[in-house]
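First the structure, in the form of structure tokens, and then the observations on it.
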Amino acid sequence: MNLNQSIIDHKSTDKSTDNLKKEIVNLTKTKIDIQSSDKTADNIKEETVNLTKQTNNIKSSVKTTDKLKEENENSTKTVNDIEKPSKQDIDKQELDCDNIQLMLQKQGFVYREKLIQTGIAEKLIIGFEKGNTSIISPSCLKVLSSITIPDDDSIGNIFIKRKSFSALLKLFSHSDINITEQAIKILYSIIVNIHKSDIPNTNRDLYFTILNETGGIKYFFELFDQKRSKYSRDLSALCAGIMYEYKNVSHQFVDSEILEQILSISQHDDDQIKTIAQQVYDSILKTKRILKKTITKLDMELLVQSLKQPLEGTKDELTRYRKNDETVLELVNTGVIQQILNILESNDIRTILLSLVDVVYQAINFSSDEVVQKIIDMNPYDGLIRLLDHSDYRFRDYAISAIYDLLLVGARQTKAI
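Going by the UniProt record's numbering, the first residue of the sequence shown is number 1, and it counts up by one from there.
So, in structure tokens, the structure goes:
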């Protein structure tokens, strides 16, 4: 072997070895880079997944926000639609109700029954419950008023079914007194029907319980105190009185002003309302839970219409009062007779009501000596003597008869002493 060739071969081998080492290093480096690259790829893949998740969450969040925004807009739109319906909707509603009113006038009770049976009446009530009071349709309320009559409880039953009278009660504060009067008229018709109907007490109690739970009595007193119109005061006083009559209202609520209002209704043009007022007032008095000061505050010229009623009747009835002084004694003890005597003594003789004199006469003529003595102690003569100059003979007759009876009782009492 040639030495030179061996050296060359050896060098060549060294070079190959170096190259091989270098390639191994490079290969190892490449492997490391690949592994590193793979790891980075995994990280990127993981980060990409996370990023995708975050993106989806953001999109979902945005979508949810948009959805909420849309729902809020729809909700706001719904509220606005209720509070501020378009003029076109209002006009259509008014026209529909005007047409219904015309049909009621033409077909009467038959068409009324159709409105109730088809559910239109209940839809009106629901509309009043949910609607803003400022946009209540007067025509629609008039329809409900027209189909609510004191002799039928169909409409009242709808309110009972819904367990609320809020649809009407909230209209008591309406700026339009005509709408308020329609609302109290509807409630009055429902309550009077309960008052008049021969229905079980359990059903009657259900009506008044639901009315009370809806805040009915509070609304009646508030409407009465507002003094917006005589009509609204009349009917709110009667509603409160009827509720009191059935012991749904504590006696302290029925004060002298409400009683006075009920008494004033005896002068009402409507005979039915006048009769109900008399019945309610008589019933309240019979409960014997009215404080004495309540009666003594009343205007006697209004009170007399009620006081006269139980003292009138057949001779047998009046004889019964003579044996039982309870009624007259109550009038004496509460100051009623004294106030009548004050009127007879001080008022212009031409303005005194005949019925006032009649009350005094009957209280004296059909009572025991013990009760009449209480009247004598009030010094009744001056007022009665004035009436002897009255131009109406009936005043003179009552006055002289009363004076005669007083003198007889006084004589008997003196003799007894």
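Note that beta-carbon positions come from the ideal geometry of N, C-alpha and C, so glycine has one too.
Remember, it's a predicted structure, so these values are computed and weren't measured experimentally.
Have a look at residue i and residue j and give me their C-alpha separation to the nearest angstrom.
i: Asp382; j: Ile400; result: 12 Å
i: Val332; j: Ser368; result: 13 Å
i: Arg112; j: Pro380; result: 58 Å
i: Ile147; j: Val110; result: 11 Å
i: Asp316; j: Phe366; result: Any reading at Asp316 must be qualified, since the residue scores a pLDDT of 43, below 50, and its modelled position is unreliable; the value itself is stated next. Approximately 11 Å between the Cα atoms of the pair.
i: Asp377; j: Asp234; result: 37 Å
i: Leu384; j: Ile340; result: 11 Å
i: Arg386; j: Asn347; result: 10 Å
i: Lys92; j: Asp270; result: 35 Å
i: Phe208; j: Ile349; result: 46 Å
i: Ile116; j: Glu122; result: 7 Å
i: Ile375; j: Leu406; result: 9 Å
i: Ile403; j: Asp152; result: 51 Å
i: Asn212; j: Leu344; result: 43 Å
i: Lys274; j: Ile265; result: 6 Å
i: Leu144; j: Thr118; result: 14 Å
i: Ile258; j: Val359; result: 23 Å
i: Glu326; j: Glu370; result: 12 Å
i: Lys130; j: Thr214; result: 15 Å
i: Ile191; j: Ile242; result: 8 Å
i: Val280; j: Val328; result: 20 Å
i: Leu354; j: Tyr393; result: 11 Å
i: Leu124; j: Ser391; result: 59 Å
i: Tyr361; j: Asp397; result: 10 Å
Taking all protein chains shown into account, decide if residue i is buried (16 or more other Cβ within 10 angstroms of its Cβ) or exposed.
i: Thr180; result: buried
i: Asn99; result: exposed
i: Lys170; result: buried
i: Leu102; result: exposed
i: Thr334; result: buried
i: Ala277; result: buried
i: Ala411; result: exposed
i: Ile156; result: Residue 156 is actually Gly in this sequence, not Ile. With 16 or more Cβ atoms within 10 Å of its Cβ, Gly156 is classed as buried.
So, at 7 Å on beta carbons, what are the nonlocal neighbours of residue i in its own chain, with the 5 sequence-adjacent residues on each side left out?
i: Ser229; result: Ile177, Glu181
i: Gln216; result: One detail in the question is off: residue 216 reads as Gly in this sequence, not Gln. If we look at Gly216 and ignore the five residues flanking it on each side, its Cβ neighbours are Phe165, Leu169.
i: Glu94; result: Ser137, Ser139
i: Phe220; result: Ser236, Cys239, Ala240
i: Asn4; result: Summary for Asn4: the model assigns pLDDT 46, below 50, so the residue's position carries little reliability, and this model does not support an answer.
Leaving out five residues on either side along the sequence, give the residues of the same chain with a beta carbon under 6 Å from the beta carbon of residue i.
i: Val389; result: Note on identity: in this sequence residue 389 is Asp, with Val being the wrong assignment. Excluding residues within five positions, none has a Cβ falling inside 6 Å.
i: Val372; result: Ile364, Val409
i: Tyr231; result: Glu181
i: Phe224; result: Arg233, Ser236, Ala237
i: Leu104; result: Tyr111, Ser146
Would you check whether the ligand ADP has a heavy atom nearer than 6 Å to the C-beta of residue i?
i: Glu345; result: Ligands are entirely absent from the displayed structure, and the ligand ADP is therefore not among its contents.
For residue i, which residues in the same chain have their Cβ closer than 8 Å to its Cβ, ignoring the five residues on either side in sequence?
i: Lys142; result: Cys97, Gln101, Gln182
For this session: Ignoring anything shorter than 4 residues or poking outside the segment 156-183, list the alpha helix (DSSP H) runs there in chain order.
Result: 166-169
For this session: Could I get the ranges of all uninterrupted alpha helix (DSSP H) runs contained in the segment 370-402, with 4 residues as the minimum, in chain order?
Result: 381-386
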